[in-house]
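Student:
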Amino acid sequence: MSDTVDTAAPAGPLAAIFGGTFDPIHYGHIKPAVALARLVGLERITLLPNNVPPHRPQPEASAQQRLTMVQLAIADMAGNLFDIDDRELRRDNPSWTVETFETLRRERGVDAPLGFIIGQDSLLTLPQWHRGLELLDTCHLLVCARPGYGGKMATPALQAWLESRLTQDVRQLHRRPAGLIYLAPTPELSISASLIRERRHAGLRCNDMLSPSVQRYIDEQGLYR
Ligand code: ATP
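Numbering (full-length UniProt numbering), first residue to last: 1 to 225.
1) Spell out the partners DSSP gives Y217 in its beta bridges.
2) Check whether the Cβ atoms of I191 and G79 lie closer than 7 Å to each other.
3) Assess, as a yes-or-no matter, whether the stretch 143 to 150 is touched by the stretch 101 to 113 under the definition of 3 or more beta carbon pairs within less than 8 Å.
4) To the nearest angstrom, report how far apart A178 and T97 are at their CA atoms.
5) Determine the DSSP secondary structure at G28, reduced to helix, strand or coil.
6) Just mark D3 as buried or exposed, buried being the case when its beta carbon has 16 or more other beta carbons within 10 Å.
7) Within the continuous beta strand (DSSP E) that includes I117, where are the two ends?
8) For the putative contact between L89 and P24, defined by C-beta atoms under 8 Å, what is the C-beta separation to the nearest angstrom?
9) Compute every distance between the C-beta of residue 289 and the non-hydrogen atoms of ligand 1, then say whether any falls below 6 Å.
10) Can you tell me whether L204 is buried or exposed, with buried defined as 16 or more other CB within 10 angstroms of its CB?
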């Protein structure tokens with residue numbers, strides 16, 4: 001394995017899925033994802049808003065409002081790096097992430113390199129996800145840095161699992177369809193959807209945390225009051 005990040009010509013097109021509740025979508029999602037795309041040569045990032053199961057705390061915004069905010073956020077971006085997959089929101093029954101990726105793998109074919117973008121906080125909780133570690137059978141994990149999580153330790157079992165799959169050689173992400181973990185040196189932004197909701201509840205502005213049309217939509221819809 002190489003010790004350096006190699007951004008030389010990729011061996012195959014690499015696409016990525018970025019799932020989230022997006023309640024609301026913010027710059028802490030978008031800016032690291034754009035930086036990641038440059039680092040690994042991503043062709044396309046598909047934003048996939050999650051359907052939240054009834055037994056979990058529900059988002060404040062409706063599924064339609066969350067989807068609209070994702071649409072507005074990508075309309076504010078230059079280029080066509082991002083698109084949207086709203087399959088989870090169109091479903092009555094929430095599905096597990098691993099099942100969504102098994103479907104995506106069937107749709108895209110066994111050889112297509114596919115990444116799943118997550119933040120470092122999500123990486124540490126992966127063993128608690130339903131069949132979380134099996135996700136690597138269907139995709140690579142592309143992990144964005146998140147403030148406060150860089151030094152956080154995984155359990156010894158998770159650490160051993162991670163180390164056997166880590167790569168710093170981005171060409172491998174293009175050469176294999178799935179199975180690798182790449183820790184991306186993306187910019188760290190202290191932004192979270194919960195911080196935005198808390199600030200809104202307190203009557204504070206969040207202008208530098210969200211794209212302008214998402215901010216306007218939140219105001220118009222009276223969200224997170
Ligand atoms: P909440 O504060 O409500 O928990 P969130 O801001 O973490 O929400 P989600 O929609 O739950 O946003 O996150 C989707 C994905 O984006 C997760 O993998 C999460 O780790 C990642 N993510 C969110 N914010 C950041 C950030 N500032 N930097 C890096 N990754 C992030």
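Quick reminder that beta carbons are idealized off the backbone N, C-alpha and C, glycines included.
Computed from a predicted model, the values in this text were never measured in an experiment.
Tutor: This is what the structure gives:
1) Numbered from its first residue, the sequence shown carries residue 217 at position 217. Bridge partners of Y217: none, in fact.
2) Within the sequence shown, numbered from 1, the residue matching residue 191 stands at position 191. Within the sequence shown, numbered from 1, the residue matching residue 79 stands at position 79. Cβ distance not < 7 Å, so I191 and G79 don't count as in contact.
3) The stretch 101 to 113 is not in contact with the stretch 143 to 150.
4) Residue 178 sits at position 178 when you count from the first residue of the sequence shown. Residue 97 sits at position 97 when you count from the first residue of the sequence shown. Annotation: A178 to T97 spans about 15 Å, alpha carbon to alpha carbon.
5) Locating residue 28 in the sequence shown gives position 28, where the first residue counts as 1. Note: G28 maps to helix in three-state DSSP.
6) By one-based count along the sequence shown, residue 3 stands at place 3. Here the model assigns D3 a pLDDT of 41, short of 50, so the residue's position is not dependable and the matter cannot be decided.
7) Locating residue 117 in the sequence shown gives position 117, counting from the first residue. First-last of the beta strand (DSSP E) with I117: L114 to G119.
8) Numbered from its first residue, the sequence shown carries residue 89 at position 89. Numbered from its first residue, the sequence shown carries residue 24 at position 24. About 15 Å; that fails the 8 Å criterion.
9) In the structure displayed, the chain extends from 1 to 225; residue 289 sits before or after that span and is not available.
10) Sequence index remark: in the sequence shown, residue 204 carries index 204 (1-based). Residue environment for L204: exposed (fewer than 16 other C-beta atoms within 10 angstroms of its C-beta).
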